[in-house]
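In terms of my numbering, the sequence shown opens at residue 3 and continues consecutively.
Virtual Cβ for every residue (Gly too), placed ideally from N, Cα, C.
From a predicted model like this one, the values you see are computed outputs, not experimental measurements.
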Amino acid sequence: MRPVCARCSVAMVPKKNDVAAVEMLRTRRYVLWSADLYECPDCGCQIVTGFGAKPVSMEHEPGFVARCDDGGLPVIEWWHSLREKDGAA
Ligand SMILES: [Zn+2]
Numbered sequence: 003m004r005p006v007c008a009r010c011s012v013a014m015v016p017k018k019n020d021v022a023a024v025e026m027l028r029t030r031r032y033v034l035w036s037a038d039l040y041e042c043p044d045c046g047c048q049i050v051t052g053f054g055a056k057p058v059s060m061e062h063e064p065g066f067v068a069r070c071d072d073g074g075l076p077v078i079e080w081w082h083s084l085r086e087k088d089g090a091a
């Protein structure tokens, strides 16, 4: 089931599979996840969903930094909250 844009009431379309969604801890890249990027065909809103069951790599593992930028795909850094994100700025 594809995600639905609540604003436009239309199913979103997959924009890119297997994007690097990097979980952040303050200013640090912490956990690398593989996920899917969807976009609303009407308003252009994008969401990241479809995270794998397990992370691709974690900060303490060898090669973590390189793996985050491995695929040449856009890297999406994300925080657990706006407060945490703003604290990193
Ligand atoms: Zn929309």
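Beta carbon of residue i nearer than 8 Å to that of residue j
| i | j | result |
| --- | --- | --- |
| Val12 | Asp44 | yes |
| Glu41 | Lys56 | no |
| Val77 | Val50 | no |
Beta-carbon separation (whole angstroms), residue i vs residue j, contact threshold 8 Å
| i | j | result |
| --- | --- | --- |
| Arg31 | Glu63 | Not a contact, Cβ separation roughly 12 Å. |
| Ser36 | Gly54 | 5 Å |
Residue of the options minimising C-alpha distance to residue i
| i | options | result |
| --- | --- | --- |
| Met14 | Val67, Gln48, Trp81 | Gln48 |
| Gly85 | Met26, Leu75, Arg9, Met3 | Here the sequence assigns Arg to residue 85, which means Gly is not the residue at that position. Nearest option by C-alpha distance: Met26. |
| Ala68 | Thr29, Lys87, Val24, Gly46 | Val24 |
| Cys10 | Leu75, Gly52, Gly46, Leu34 | Gly46 |
Span of the alpha helix (DSSP H) around residue i
| i | result |
| --- | --- |
| Asp88 | 84–90 |
| Ala68 | 66–70 |
Enclosing beta strand (DSSP E) for residue i [first to last residue]
| i | result |
| --- | --- |
| Ala23 | 15–27 |
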